[in-house]
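What follows is a single structure, written as structure tokens, with notes after it.
Numbering (my numbering), first residue to last: -5 to 232.
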């Protein structure tokens, strides 16, 4: 029990710092919530869903691998491959969303309209006009709103929790179902709660920031941020 207690505390600590040091665990949700104008409740639900998929995929892989007698080195290699794939998916999604955001910003830029009245005595005048974002490609916008959470969920399912696999070895070696449930439960809960805490706090903060003229670039900025998160994972090992 003493050893199990130590491993459980270790699992909680690793879950906390693994999440804090991985910007991909929270930045995509914060920037997408701002760009998509998600409510706090929707942002919380999407973050929790993606966090659960992120943790459960590694738990399932780890338990199946251990049950089949796969070595920890091979499991680590599989997790590393999944991590690289998730990083490239994040980069690709970020680039694609950035391009779409730039296109939308250009369509939404202020422009001049000349306006003439029916009365010939009235002079022709001009005024600055800007299309509302919601007026541009309404159907495509709705489709994107529906797809975005599922794209994030898919990316997070591919994203591994590398530190979790070694933590499962001890209870598996002792054939302790209770130990497996305890360690995976603590790691998963701490990871998801940390994600939610950061996302909620920073989302509340970013909503208070005045964007001004940058408001129409929020989609492009969101895409760039997600792309940078993927680059950080792939090339900096975050």
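We treat Cβ as the ideally placed atom computed from N, Cα and C, and that holds for glycine. Since the model is a prediction, treat every value here as computed from it, not as a measurement.
Residue i CB to nearest heavy atom of the ligand PLP below 7 Å
i          : result
residue 32 : This structure simply doesn't include the ligand PLP, nor any ligand for that matter.
Best match in the options for proximity to residue i [C-alpha to C-alpha]
i           : options            : result
residue 24  : 12, 38, 11, 15     : 38
residue 143 : 196, 44, 6         : 44
residue -3  : 223, 163, 13, 90   : 163
residue 210 : 225, 228, 145, 97  : 97
residue 228 : 88, 201, 78        : 78
residue 212 : 95, 40, 61         : 95
residue 40  : 226, 198, 208, 140 : 140
residue 91  : 26, 69, 100, 65    : 26
Local conformation of residue i per DSSP, three classes
i           : result
residue 175 : helix
residue 64  : coil
residue 91  : helix
residue 39  : helix
residue 7   : helix
residue 201 : coil
residue 215 : helix
residue 231 : coil
residue 33  : coil
residue 15  : coil
residue 154 : coil
residue 170 : coil
Beta-carbon separation (whole angstroms), residue i vs residue j, contact threshold 8 Å
i           : j           : result
residue 150 : residue 48  : 4 Å
residue 238 : residue 34  : Because residue 238 is not part of the residues shown, which for the chain are -5 to 232, the question remains open.
residue 158 : residue 52  : 5 Å
residue 220 : residue 22  : 5 Å
residue 190 : residue 6   : About 16 Å separates the two Cβ atoms, so there is no contact after all.
residue 20  : residue 196 : 7 Å
residue 188 : residue 14  : 7 Å
residue 56  : residue 224 : Contact doesn't hold; Cβ gap of about 24 Å is too wide.
- Task: For the stretch 67 to 85 and the stretch 170 to 177, state whether three or more C-beta atom pairs, one from each stretch, are separated by less than 8 Å.
- Result: no
- Query: Given 8 Å as the limit, is there contact between the stretch 76 to 87 and the stretch 178 to 194, that is, 3 or more CB pairs closer than that?
  - Reply: no
- Message: Measuring CB atoms only, is the stretch 210 to 219 touching the stretch 11 to 30, in the sense that at least three cross pairs come out at less than 8 Å?
- Response: yes
- Are the stretch 152 to 160 and the stretch 48 to 67 touching, with three or more C-beta to C-beta distances below 8 Å? yes
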